[in-house]
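There are 2 protein chains.
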Amino acid sequence: MSGSSTGIKALVFDVFGTLVDWRGSIAREARQALEPLGLALDWPEFADAWRGEYQGAMEEVRSGRLPFSKLDRLHRRNLDLVLARLGVDGEVDEPTRVKLNLAWHRLDAWPDVEPGLQALRRHYLLAPCSNGNISLMVDLARRNGWHWDAILGAELARDYKPKAAVYLHACAALDLKREQVLMVAAHSADLAAAAAAGLRTAHIARPDEAGPGRGESAPSVAVDFAARDLRDLASQL
Amino acid sequence: MSGSSTGIKALVFDVFGTLVDWRGSIAREARQALEPLGLALDWPEFADAWRGEYQGAMEEVRSGRLPFSKLDRLHRRNLDLVLARLGVDGEVDEPTRVKLNLAWHRLDAWPDVEPGLQALRRHYLLAPCSNGNISLMVDLARRNGWHWDAILGAELARDYKPKAAVYLHACAALDLKREQVLMVAAHSADLAAAAAAGLRTAHIARPDEAGPGRGESAPSVAVDFAARDLRDLASQL
């Protein structure tokens, strides 16, 4: 299936930031979980602090110092680190931590994503190629009404982006050549790695991903497509 | 998500025979590919012969004699074997073999499957747990209008059913306990292995799977549910 002359058959997507608003959703979830315990934190800052541990935890796996662990498990390690650093370790019980950790399964999509994916699905195979684990991707798709053809990404490859293996496993699972697969992300580093692995690339502008003005409004690397949002990408393709 | 008091959260499905009519579809595809070359074979028998090599090829992987290879590759090995045995090896060129081998991506579903999966999807997570590879599952879903939550099975586990690892990888990918996952199949041996691994089981009657009267009209092992078809299973759950 292909709707264009580009030879592209499948689109694979970064998810956190590109498709979902992790910051606003995690701030909301953290407040819902922790405010009843009497904690009064800056909730967007809490989201930033939790997300701030993300790359470091994955680097432990990418470097081989840790065997592959699902992102849910790394998120839990990071949650414990952040609660300790904030000095509220003793105030957050285990059931609250378990529930809050699954906040990443309850993130809300940017408003263009559901109609954009529907339009793209008419002409292309669609799959996430995220560092999130399979169950996390399944829950986000159910919550936000997405129809993926498959769940690809880190758990299938048993390694984390931007390692080339993750992009290459996605292409291999679909039996496609690398140049037939378009990696879609709001992060230039992800796209640079995908391009180095041989995939085509599309940048989506999310200028406010990590707060007002703290996101990429344009790619800082060469890409095949640069789009305002997923609907714009669909019309460009 | 759960629509019943059984504790079941997800249904995972055998595909060949349980959801799709491999025999009728392969007979049709073989005829379309080979008749133009002047071959006049008994097409349903050709389908039986090709399918007849299925377990033996997978046993090479299950036993460790072969490293994991996708089912598409095993199907190709089996196609070459069958063409040689029929004495038509020299009459079938390479492009025809490549195209015919992908006939397994073009199988048609039994008529109850699409409405049955739609009904089940309202209450459960749904995924194939097949020995078919991911791209094969993706193509069957597109052809037959199925909406899976994820593609699980042999390629994720890098081993073949009825090895326990395949069922257990499916449960682990969904972050579910084994008793929260219902394996659905038309084959008692598949269900016996799933039950031994700790999953719940549902048998679907496909009495004519391999030709008239050559299929299971009832399970020959203990199962949690026995259904006439997927709509019947949906109403039982």
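Chains as they are written, first to last, in my numbering: chain A, 29 to 265; chain B, 29 to 265. The C-beta atom is built at its ideal place from N, Cα and C for all residues, glycine as well. All figures in this text were calculated on a predicted structure; none of them were measured in a lab.
- Assigned with DSSP and collapsed to three states, A:SER53 falls in helix.
- A:MET165 belongs to the set of residues whose beta carbon lies under 9 Å from a beta carbon in chain B.
- Contact check for B:ALA222 against B:TYR195 passes: the beta carbons are separated by less than 9 Å.
- Among the residues facing chain B, A:HIS103 is not included, as its CB has no counterpart in that chain under 9 Å away.
- For A:TRP176, the nearest CB of chain B lies under 9 Å from its own CB, placing it at the interface with that chain.
- Selection B:SER91, B:VAL166, B:ALA61 evaluated against A:ASP203 yields B:VAL166 as nearest (Cα-Cα).
- For B:ILE162, the enclosing alpha helix (DSSP H) covers residues 162-172.
- Residues of the segment 141-164 of chain A with a C-beta atom less than 7 Å from some C-beta of chain B are LEU153, ILE162, SER163, listed in chain order.
- Per DSSP, reduced to three states, the secondary structure at A:VAL40 is strand.
- Along the segment 223-255 of chain A, there is no position whose C-beta sits under 9 Å from a C-beta of chain B.
- Within the segment 185-202 of chain B, ALA201, LEU202 place their CB atoms closer than 7 Å to a CB of chain A, listed in sequence order.
- In the pairwise beta carbon analysis, the segment 199-219 of chain A is classified as not touching the segment 65-73 of chain A: fewer than three pairs are separated by under 8 Å.
- Within the same chain, Cβ atoms closer than 7 Å to the Cβ of B:LEU164 are found at LEU99, ASP100, TRP132, HIS133, the five residues on either side in sequence being excluded.
- Contact note: A:ALA169 reaches chain B through ASP177, using a C-beta cutoff of 8 Å and chain order.
- Cβ-Cβ separation between A:ASP218 and A:LYS191: approximately 11 Å, too far for a contact (criterion under 8 Å).
- Here B:HIS197 carries a helix assignment [DSSP, helix/strand/coil].
- Among the residues of chain B, those whose CB is under 8 Å from the CB of A:GLU183 are ALA201, following chain order.
- In this structure, B:ALA238 keeps its C-beta atom at 9 Å or more from the C-beta atom of B:GLY92.
- At least one CB atom of chain B sits nearer than 9 Å to the CB of A:ASP100.
- For A:ALA77, the enclosing alpha helix (DSSP H) stretches over residues 71-80.
- Around the CB of B:GLY173, fewer than 16 other CB atoms lie within 10 Å, so the residue is classed as exposed.
- Fewer than three Cβ pairs drawn from the segment 148-157 of chain B and the segment 117-125 of chain B lie within less than 8 Å of each other, which leaves the two stretches out of contact.
- When secondary structure is reduced to three states using DSSP, A:HIS215 falls in the coil class, being assigned neither helix nor strand.
- Apart from the 5 residues on each side of it in sequence, B:ALA225 sits with its Cβ closer than 7 Å to the Cβ of ALA192, TYR195, LEU196, ARG206 in its chain, given in chain order.
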